[in-house]
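Down below is the structure, laid out as structure tokens.
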Amino acid sequence: MPRAVDGTRRHDRRKKILERAKGFRGSRSLLFKTAKETVARALQNSYDHRKQRRRHFRSLWIARISAECRNQGTTYSQFMNGLAKAHIVLNRKALSNMAIEDKAAFTALVEKAKEALKA
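Residues 745 to 863 in this note's numbering are what the sequence shown spells out, letter by letter.
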């Protein structure tokens with residue numbers, strides 16, 4: 745009777761890594777060792793970039809709010825300070841969306857922020 749030497753487990757492990765490496769260029773998708781290194785790096789990058797995506801969206805929202813604030817004759821920092829003093833709590837995503845889609849409501853917020861700064 746022949747001796748079994750880790751056949752299916754080894755094959756399954758390699759197959760899983762090579763399947764994840766599909767679409768990579770050259771030997772990165774064909775050779776197990778290079779595929780393993782590339783897949784490990786790709787998984788780490790995908791984890792990191794999920795975190796970075798949140799940062800990028802926040803900076804995008806801030807840029808949009810800032811642009812509309814400047815159209816209204818104030819700066820982003822003065823606007824946010826005025827909102828805090830007026831006890832208006834809205835996140836940057838909602839403010840950005842409002843600046844794009846509902847300019848009248850955003851203008852009203854800017855006016856309230858300016859009043860709160862004067863008081």
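Even glycine gets a Cβ: it sits at the ideal position worked out from N, Cα and C.
Asked, Found
"T782, buried or exposed, once every other Cβ within 10 Å from all chains shown has been counted against 16", "buried"
"As assigned by DSSP and simplified to three states, the class of T752", "helix"
"Straight-line Cα distance separating K795 from L834", "22 Å"
"Local conformation of V854 per DSSP, three classes", "helix"
"Same chain, Cβ closer than 6 Å to I761, neighbours up to 5 away in sequence not counted", "A779, K780 and V783"
"For R814, the first and last residue of its enclosing alpha helix (DSSP H)", "F776 to N815"
"Residue from S803, E859 and S771 whose Cα sits closest to the Cα of Q822", "E859"
"A848 to R808 span [Cα, whole Å]", "16 Å"
"Whole-angstrom distance between R798 and T752, CA atom to CA atom", "41 Å"
"Where the alpha helix (DSSP H) containing G826 begins and where it ends", "Y820 to K829"
"Assigned exposure category for M745 - 16 Cβ within 10 Å defines buried", "exposed"
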